[in-house]
Every structure is written in C-alpha cells, then in structure tokens.
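Peer 1: For reference, each letter of the sequence shown is one residue, going 0 to 324 in numbering that gives the first Met the number 0. Quick one: this structure, given as structure tokens, is what I'll be asking you about.
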Amino acid sequence: MTAPLLDVADLRKTFVVRRGFPRAETVRVQALAGVSFTVGEGEAFGLVGESGCGKSTAGRALLRLIEPDGGRVLFRGEDFLGARSRRLRELRQKLQIVFQDPFASLNPRRSVGRTLAEPMHVHRLGSKAEIARRVADVLDEVGLPRDAADKYPHEFSGGQRQRIGIARALVLEPDLIVADEPVSALDVSIQAQILLLLDRLKERRGLGFLFISHDLGVVRHFCRRVAVMYLGRIVEDGPAERIFDAPLHPYTRALRDASPVPDPRAKVTMARLEGEVASAINPPSGCHFHPRCPHAMDRCRVEYPEVTEVEPGRRVACHLYPAAA
Ligand code: SF4
0 MTAPLLDVAD LRKTFVVRRG FPRAETVRVQ ALAGVSFTVG EGEAFGLVGE
50 SGCGKSTAGR ALLRLIEPDG GRVLFRGEDF LGARSRRLRE LRQKLQIVFQ
100 DPFASLNPRR SVGRTLAEPM HVHRLGSKAE IARRVADVLD EVGLPRDAAD
150 KYPHEFSGGQ RQRIGIARAL VLEPDLIVAD EPVSALDVSI QAQILLLLDR
200 LKERRGLGFL FISHDLGVVR HFCRRVAVMY LGRIVEDGPA ERIFDAPLHP
250 YTRALRDASP VPDPRAKVTM ARLEGEVASA INPPSGCHFH PRCPHAMDRC
300 RVEYPEVTEV EPGRRVACHL YPAAA
C-alpha cells in the first residue's frame, strides 16, 4: 500500500502564555491535544471548527512554522518533523501555505513580481530568465495579467490579492497546500471565484489540500473528507457529504446548522451556535463540549469519550456512540 501524501499522528502543541496585571501569571494553553489525520495524493481534506479550536495551529505546526511539542508528520512516508537543514529546505518546497489575510501576508513595499520570485531565489531555483518565466506562468494560472508583476499589493482588490497569495504558494511547484481560511476575508461572490480557482488547480495539478475553515458549508463543496475540531481535538471525521448531511457529533450538527446556506431550497436552516468555545487554558472536565451540548449526561462531565469508528472511514468521539464491546 502506498503511503498517503501527508500522515499526521498525535500532533501536540502547548503554548505557555503570561496573563494578568499587575501580577502576571504563567498559564499553559493546550492548543493541540493529539491530532491525527491523513491527506491522500491530490485529495482535499478539510479541518473545520470555530475560532480557537486549534485548526490553524495544526496547519502551522505540521508545516513547522511553529514547532510542535510532539507527534509525527510524514510526507510521502518521510519524517518531516525530523528533517534537518538541506533536506528540510527541499521538503518545504513541496508543502506550501495560503494565508487568510492576503494583504497582511504580502509585503506592501515589494512588487508582486519580487514577491513571487523571492521563494525561487531562496531555494536557488533557476536563472533570472527562468524565474521571470515561472512568475509569468503562475500569474496566468491564477487569472492575473502579466503586468501585475510590476504593481504593488495596494493596487489590487481583496480577491486579486488572494490570487497573488495562491500564486506565491504555486511558484515552488508544491504537492500539498495548506489553505488557512483562504476565502473567509472575502465577499461571498469573490469567495466562489477563489474556490473555483482552487478547484481547478486541484484537478489540473493533482495538488493535495489541507483546507482549514470555520465554515462547514464551504468545506463540503471543496473537500472529499472532513475532520471537525473542538478545543484541540478531532471530535468527528469522515466523508464530507456524510458529515454535512448526517452529522453525528452534537457539535458537528450545531456547526452545520450555523453555516450559511447558499441554496434557499435546502432543508438546512441557519442557526446560531449556542455559547462560546470554552477556554483552552482551563477546558471543561470530561467531554469539553458538555457545557454547550443539549445531550450532555452525567458521564459527559467526567469522562472524555473514546473515538469510535461507527462505519468504515467515519469516526466520532461522543458518549452517544459507545465503542463496540
Ligand atoms: Fe454531548 Fe456527551 Fe457527546 Fe460530549 S460526549 S458531545 S457532552 S453527548
């Protein structure tokens, strides 16, 4: 059996932060409490949850933009967390990221051409002419005119800036892109265009995607499989259609019902997700979702549920679905 493109197992990250005034105290925030998933070759895999659930930390930790405390990340079977110096640089070419806020992630004093050429210079890829040609090609590919290379980020709209962010990720010919809320800062009509572009790139280049979003509706159309995160853990995963049409975990259900519905004939109604995400500094005992869960039982307040495979490829962590004896 061939190895998946990306194999993430038991990824952990705790931040130590100081808070309070005038007497500051040091507290530990467990952002990732053992996150595991795989992304296949050319597959789009979604990581979904509210702000603060740890999904962006997972994306950054697996790319080593922040160093995880533990766990394993294999890229085509090779230990990415253990890679050093030259090999790490080579592997990094293959794993790229598109950020949520394209404006904040672009240097306002650098022309688009220089921004796109820089990663190739860093990785020492090609002559000046080859780099210029590659820059022109990726601008074509993301639907921007070639003279965009001579302009600066402030001269573009939000959607165009996100196209530049995507072009920057493509210029190194990656195999996997971590797309961290790539459309959430954009108007709805522009969101659809960017999603279409990402979909085309997925098909044409056979790119794998880890698509991170708070919106289950967006992920449903782009991803084949989805994992739902709550307070640093995956609470449900499985095929995107099944997760959206027949969610099992009460949190997934609430998240689905809170997601905007583009089709007015759809049965799903938009609802507010009740309550706030609990603090990762002092998470609730037992199942972390119990203070917000309409089905919470006594057991839920003391015991974190085991992960149960309810059908092939579909797992849930909830006491409503006990593991088979
Ligand atoms: Fe709700 Fe209990 Fe399931 Fe947690 S384990 S989601 S509290 S029913």
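Backbone N, C-alpha and C fix where the C-beta goes; we use that ideal spot for every residue, glycine too. Since the structure is predicted, the reported quantities are computational estimates derived from the model, not experimental observations.
Residues bridged to GLU66 by DSSP?
Peer 2: DSSP, once it has assigned bridges, lists no residue as partnering GLU66.
Peer 1: Once DSSP output is grouped into helix, strand and coil, what is the label at PHE36?
Peer 2: Looking at PHE36 - three-state DSSP - the assignment turns out to be strand.
Peer 1: Just the C-alpha distance for ARG314 and ARG204, rounded to the nearest angstrom, thanks.
Peer 2: So the alpha carbons of these two residues sit roughly 30 Å apart.
Peer 1: Whole angstroms are fine: how far does the CA of ALA43 sit from the CA of LYS201?
Peer 2: Taking the CA atoms as reference points, LYS201 sits about 8 Å from ALA43.
Peer 1: Is PRO152 helix, strand or coil by DSSP?
Peer 2: helix
Peer 1: So which residues touch the region around the ligand SF4, with touch meaning a C-beta under 7 Å from any heavy atom?
Peer 2: HIS248, PRO249, TYR250, CYS286, PHE288, HIS289, CYS292, HIS294, ALA295, MET296, CYS299, PRO304, CYS317, HIS318, LEU319
Peer 1: Could you check whether ARG27 and GLY69 sit closer than 8 Å to each other, using their CB atoms as the reference points?
Peer 2: no
Peer 1: Under a Cβ-count criterion, where at least 16 other Cβ atoms within 10 Å of its own Cβ denotes burial, should ALA178 be classed as buried or exposed?
Peer 2: Answer is buried; the Cβ neighbour count reaches 16.
Peer 1: Quick check on LYS127: buried or exposed, where buried means 16 or more other Cβ atoms within 10 Å of its Cβ?
Peer 2: exposed
Peer 1: What number of angstroms, rounded off, separates the C-alpha of ASP9 from the C-alpha of VAL72?
Peer 2: 9 Å
Peer 1: So what's ASP262 in DSSP terms, helix, strand or just coil?
Peer 2: For ASP262, the predicted structure reports a pLDDT of 47, less than 50, and the residue's modelled location is therefore unreliable. The matter cannot be settled from this model.
Peer 1: Please report the distance separating the alpha-carbon of SER258 from that of VAL217.
Peer 2: Straight across, the Cα-Cα distance linking SER258 with VAL217 is about 9 Å.
Peer 1: Assign ALA257 to one of three DSSP states: helix, strand, or coil.
Peer 2: coil
Peer 1: Measure the Cβ-Cβ separation of LEU206 and LEU175 and say whether it is below 8 Å.
Peer 2: yes
Peer 1: Roughly how many whole angstroms lie between the Cα atoms of LYS266 and ASP244?
Peer 2: Low confidence applies here, because LYS266 scores a pLDDT of 41, under 50, leaving its location unreliable; read the following figure in that light. Straight-line Cα distance between these residues: approximately 10 Å.
Peer 1: Can you name the start and end residues of the alpha helix (DSSP H) that LEU90 belongs to?
Peer 2: 84 to 93
Peer 1: Compare the C-beta of THR1 with all C-beta atoms of chain D and state if any pair is closer than 8 Å.
Peer 2: Any reference to chain D falls outside this structure, which holds one protein chain only.
Peer 1: Short check: CB of GLY33 to CB of ARG232, under 8 Å?
Peer 2: It is a contact, given that the beta carbons lie within the stated cut-off.
Peer 1: ASP136 to GLU129, Cα distance in whole Å?
Peer 2: 10 Å
Peer 1: Does DSSP put PHE20 in a helix, in a strand, or in coil?
Peer 2: coil
Peer 1: With a cut-off of 8 Å, do at least 3 Cβ pairs link the region 182 to 191 to the region 97 to 105?
Peer 2: yes
Peer 1: Put LEU196 into one of helix, strand or coil per three-state DSSP.
Peer 2: helix
Peer 1: If you follow the beta strand (DSSP E) that ALA166 is in, where does it begin and where does it stop?
Peer 2: No beta strand (DSSP E) contains ALA166, which is instead part of the alpha helix (DSSP H) from 157 to 169.
Peer 1: For ARG255, is the classification buried or exposed, using 16 other Cβ atoms within 10 angstroms of its Cβ as the cut-off for buried?
Peer 2: buried
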